[in-house]
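Here's the structure we're looking at; comments come further down.
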Amino acid sequence: LFNKFSPNNPDTCYKCGRKGTLYHCLWDCPQSQAFWREVMDMILHVTGIKLLLDAKLCIFGIFPVNHNFSKANKSIINFCILQMSLIVTVLICTCIIYCSVIIF
21 LFNKFSPNNP DTCYKCGRKG TLYHCLWDCP QSQAFWREVM DMILHVTGIK
71 LLLDAKLCIF GIFPVNHNFS KANKSIINFC ILQMSLIVTV LICTCIIYCS
121 VIIF
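Just remember that our numbering sits 20 ahead of the position in the sequence shown, which is counted from 1.
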């Protein structure tokens with residue numbers, strides 16, 4: 021992912037060293053999975069709803085077809101996921117900028 025912005029950057033995940041595709045950085049990386057598990061635990065604590073780890077929900081905010089959440093709970097879940105996605109994006113962009121500065 022990072023070498024798309026600067027060819028001097030390695031194409032590996034800065035968290036685990038594996039191939040750093042966008043999907044890997046946002047979802048597939050073991051550290052990203054741990055992060056999203058914590059988000060699901062927080063949502064469970066706030067709403068009482070246990071959600072399964074699902075890339076469609078966590079990355080895109082697409083709920084499972086058979087959900088029966090109230091409008092309020094759906095709004096809370098969307099807000100939590102949106103805030104956490106923002107944090108992930110800021111961290112990735114910060115790392116890209118930081119890596120580019122170090123390499124140059």
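Ideal Cβ positions, reconstructed from N, Cα and C, are used throughout, including at glycine. What you are looking at is a predicted structure, and each value in this text was computed from that prediction instead of being measured.
To which residues does DSSP link residue i through a beta bridge?
{"i": "K39", "result": "T32"}
Counting C-beta neighbours from all protein chains within 10 Å, is the total for residue i 16 or more, i.e. buried, or is it exposed?
{"i": "L77", "result": "buried"}
{"i": "M60", "result": "buried"}
{"i": "Y43", "result": "exposed"}
{"i": "S52", "result": "buried"}
{"i": "L106", "result": "exposed"}
With residue i and residue j assumed to form a contact (beta carbons below 8 Å), what rounded beta-carbon distance in angstroms separates them?
{"i": "L71", "j": "I79", "result": "L71 to I79, Cβ: 14 Å. No contact."}
{"i": "T67", "j": "I97", "result": "7 Å"}
Residues in its own chain within less than 6 Å of residue i by CB, not counting five upstream and five downstream?
{"i": "L55", "result": "Sequence inspection shows Phe at residue 55; the Leu mentioned does not correspond to that position. None."}
{"i": "V121", "result": "Here the model assigns V121 a pLDDT of 47, short of 50, so the residue's position is not dependable, and the following value carries that caveat. For V121, where only same-chain residues beyond five positions count, there are no Cβ hits under 6 Å."}
{"i": "V110", "result": "none"}
{"i": "M104", "result": "V59"}
{"i": "S95", "result": "none"}
Beta-carbon within less than 8 Å of residue i's beta-carbon, same chain only, minus the 5 sequence neighbours each way: which residues are those?
{"i": "C33", "result": "L21, K39, G40, H44, C45 and C49"}
{"i": "I69", "result": "I63, F89, N93 and I97"}
{"i": "I82", "result": "K76"}
Near residue i, which residues of its chain fall below 7 Å by C-beta distance, leaving aside the five closest residues on each side in sequence?
{"i": "C36", "result": "C49, P50 and Q51"}
{"i": "R57", "result": "L73"}
{"i": "A75", "result": "W47"}
State yes or no: is the beta carbon of residue i nearer than 8 Å to at least one beta carbon in chain B?
{"i": "Y43", "result": "Included in the structure is just one protein chain, with no chain B present."}
List in chain order: all unbroken beta strand (DSSP E) runs of 3+ residues lying wholly within the stretch 41-118. none
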